[in-house]
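Residue numbers (the working numbering): 6 to 153.
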């Protein structure tokens, strides 16, 4: 009887270990997929939002392009993700790095008021919450490649 108990105990521990490793691997695959999608989406959304709408060489975003950027980002992220996502449980947040005329920087969700005062958007932090886990990537605007 003791032999069967030890056999079941070893088998049970092995199955529990297998299940835990499987769950960890699935979370890792999902995290990698979300991060890869986030990085790709940031650049594509930025290029599409500002395509021909104004001089990118100024390195700033106007009000319409900010709204366009956020809309395009959400659409691309949800439709082009390499991971199956429950779209109702995905939450987005956007934070803009704005450089003011005096050289100081600040993070804000609404950069328009600072742009009107001569501020320039230098970067965007895109944060996505998927299944209660937050993922974020910072996209630094490359204004040196702007169009005239």
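Heads up, the beta-carbon is just placed ideally off N, CA and C, and yes, glycines get one too.
These figures come from a predicted structure and were not determined experimentally.
Restricting attention to 126, 84, 122, 26, the CA atom closest to the CA of residue 114 is found in 126. Between residue 144 and residue 128 the beta-carbon gap is near 6 Å, inside 8 Å, which marks them as a contact. If you draw a straight line from the Cα of residue 118 to the Cα of residue 80, it comes to about 26 Å. Counting other Cβ atoms within 10 Å of its Cβ, residue 111 stays below 16 and is therefore classed as exposed.
One thing to note: residue 54 has its Cβ within 8 Å of the Cβ of residue 77.
Within the DSSP bridge table, the entry for residue 113 names 101 as partners.
Closest in alpha carbon position to residue 140, among 7, 23, 47, 30, is 47.
In its chain, beyond the 5 residues on either side, 140, 142 have a beta carbon closer than 8 Å to the beta carbon of residue 40. Non-local C-beta neighbours of residue 28 in its own chain, meaning closer than 7 Å and more than five positions away in sequence, are absent. DSSP, reduced to helix, strand and coil, places residue 86 outside both helices and strands of the structure shown, so it counts as coil. Cβ neighbours of residue 96 within its own chain (closer than 8 Å, five residues either side excluded): 133, 134. Taken atom to atom, the span from the alpha-carbon of residue 104 to that of residue 92 is near 34 Å.
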